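Shown next, in structure tokens, is the structure this report addresses.
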Amino acid sequence: MKISTIKDLLDAKVICCEEGLSRHVYSACGSDMMSDVLAYVKDQAVLLTGLVNSQVIRTAEMMDMNCIVFVRSKMPTAEMIELAKENGMIILSTEKRMYEACGLLYSNGLVGNRVKNV
Amino acid sequence: MSEALKFHFDVDGDDFTSAGKASVQVKKNLRQLGLSPETIRRVSIAMYEGEINMVIHAGGGIADVTVTEDCIEILLSDKGPGIKDIDKAMQEGYSTASDNIRSLGFGAGMGLPNMKRYTDYMDIKSTVGVGTDITMRVNI
Numbered sequence: 000m001k002i003s004t005i006k007d008l009l010d011a012k013v014i015c016c017e018e019g020l021s022r023h024v025y026s027a028c029g030s031d032m033m034s035d036v037l038a039y040v041k042d043q044a045v046l047l048t049g050l051v052n053s054q055v056i057r058t059a060e061m062m063d064m065n066c067i068v069f070v071r072s073k074m075p076t077a078e079m080i081e082l083a084k085e086n087g088m089i090i091l092s093t094e095k096r097m098y099e100a101c102g103l104l105y106s107n108g109l110v111g112n113r114v115k116n117v
Numbered sequence: 000m001s002e003a004l005k006f007h008f009d010v011d012g013d014d015f016t017s018a019g020k021a022s023v024q025v026k027k028n029l030r031q032l033g034l035s036p037e038t039i040r041r042v043s044i045a046m047y048e049g050e051i052n053m054v055i056h057a058g059g060g061i062a063d064v065t066v067t068e069d070c071i072e073i074l075l076s077d078k079g080p081g082i083k084d085i086d087k088a089m090q091e092g093y094s095t096a097s098d099n100i101r102s103l104g105f106g107a108g109m110g111l112p113n114m115k116r117y118t119d120y121m122d123i124k125s126t127v128g129v130g131t132d133i134t135m136r137v138n139i
């Protein structure tokens, strides 16, 4: 799924790295616990979270993810945006809650079935 | 690569925001060495979890990463409270972290199991009241 499609489906604002919106993601992960995110490697995934701190950006970077969606209108801090820009990480923010945001992406084909244990 | 490459980091225990900086740097260094993305990902996730653990449980510590022809070795050493029951700590979901740490997105009891999951070898030496030394290796 194109990241621009995710933006449209979630009616999300682009916070940074807009130039990457044409990139694709093939799976998604929704969690506020970063260690749960770190437990499974997915290829080119998007992270949906309601957690706002620098470790969200670092976790996504460690996982080679290329897009983070903050749900429930959460906004990253200036420091987080700087970290994200350094890595070309696309940041979106949506008013939708986690359950609805995940459901919309799933029902539109981002099923996250490429999960693999390393 | 004839000689082993070594990287040393001091992990600051007072600043949760900067936790993970050493792992980010290691990831960059390994990329420059041209290692496979999967190897890099395994090393950096394992080290990142270890680094976070040192910050939230042990007040920081040191990290030494050695790259040889065969493997990448990560040594994490702290002078924190030590791990009372290592077998328990290795169980997924078991955590002694405070609610405050959980509100920061960690303390799900996945740190040590993740470190084991992503590495080919892991050894924990810990003494209560003295500190913890963790050795991890990822084969290249």
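If you read the protein sequences in the order shown, they are chains A and B. The numbering of the first sequence is numbering that gives the first Met the number 0, which starts it at 0 and goes up by one. The numbering of the second sequence is numbering that gives the first Met the number 0, which starts it at 0 and goes up by one. All C-beta atoms, glycine included, are put in the ideal place defined by N, C-alpha and C. Remember, it's a predicted structure, so these values are computed and weren't measured experimentally.
Please list the partners that B:Asn28 has in chain A, where partner means a Cβ-to-Cβ separation under 8 Å. Chain A residues near B:Asn28: none, gap ~14 Å exceeds 8 Å.
Looking only at its own chain, which residues have a Cβ that is under 8 Å from the Cβ of A:Met33, when we skip the five neighbours before and after it? Leu50, Gln54, Val55 and Thr58
Is the distance from the Cβ of A:Ala11 to the Cβ of A:Ser26 below 7 Å? no
Can you have a look at A:Tyr98 and say buried or exposed, based on whether 16 or more other CB atoms are within 10 angstroms of its CB? exposed
On the DSSP bridge assignment, give the partners of B:Val10 in chain order. B:Gly60
Mapping DSSP to helix, strand and coil, what is A:Thr58? helix
In chain A, which residues lie less than 7 Å from B:Ala107 when you measure between Cβ atoms? Met32, Ser34 and Asp35
Which one of A:Gly29, A:Met62 and A:Thr48 has the shortest CA to CA distance from B:Ile44? A:Met62
For a contact meaning CB atoms closer than 7 Å, what does A:Leu46 contact in chain B? Result: empty, since nearest Cβ-Cβ is about 11 Å, beyond 7 Å.
Using a Cβ-Cβ cut-off of 6 Å (strictly less than) and excluding sequence neighbours within five positions of A:Val117, which residues of its own chain qualify? In this prediction, A:Val117 has a pLDDT of 42, which is less than 50 and means its spatial position is unreliable; what the coordinates show is noted afterwards. Closer than 6 Å at the Cβ level, and outside the excluded window around A:Val117, lie Val40.
Amino acids of chain A, ordered along the chain, whose beta-carbon sits closer than 7 Å to that of B:Gly19: Gln54 and Arg57
Report the CB separation of B:Met109 from A:Ala38 in whole angstroms; it is logged as a contact under 8 Å. 5 Å
Give a yes or no on whether 7 Å exceeds the smallest Cβ distance from B:Asn138 to chain A. no
Indicate the three-state DSSP secondary structure (helix, strand or coil) for A:Leu20 in the structure shown. coil
So who's on the other strand from A:Cys28, going by DSSP bridges? A:Leu46
Evaluate the contact criterion for the segment 11-22 of chain A versus the segment 85-95 of chain A: three or more CB pairs, one atom per stretch, below 8 Å. yes
For the segment 84-91 of chain B against the segment 30-47 of chain B, are there 3 or more C-beta pairs whose distance is under 8 Å? no
Extent of the continuous beta strand (DSSP E) run through A:Glu99: Note, A:Glu99: premise wrong, no beta strand (DSSP E); alpha helix (DSSP H) at Met97 to Ser106.
Spatial neighbours of B:Asp122 in its chain, beta-carbon cut-off 6 Å, leaving aside the 5 residues before and after: Thr134
Proximity of B:Ala18 and B:Val54 at Cβ, strictly below 7 Å: yes
Going by DSSP, what residue range makes up the beta strand (DSSP E) through B:Lys124? Tyr120 to Thr126
Can you give me the Cβ contacts of B:Asp69 inside the same chain, cut-off strictly under 7 Å, excluding the 5 residues immediately before and after it? Asn138 and Ile139
Taking 6 Å as the line, does the beta carbon of A:Ile5 fall inside it for any heavy atom of the ligand SAH? As presented, the structure is devoid of all ligands, the ligand SAH included, so that no description of it is given.
So with CB distances below 7 Å, who are the chain B contacts of A:Asp63? Pro36 and Arg40
How is A:Val114 classed by DSSP in three states: helix, strand or coil? Only weak support exists for where A:Val114 lies, its pLDDT of 47 falling under 50; the value from the coordinates is given anyway. In this structure, A:Val114 counts as coil in the three-state DSSP scheme.
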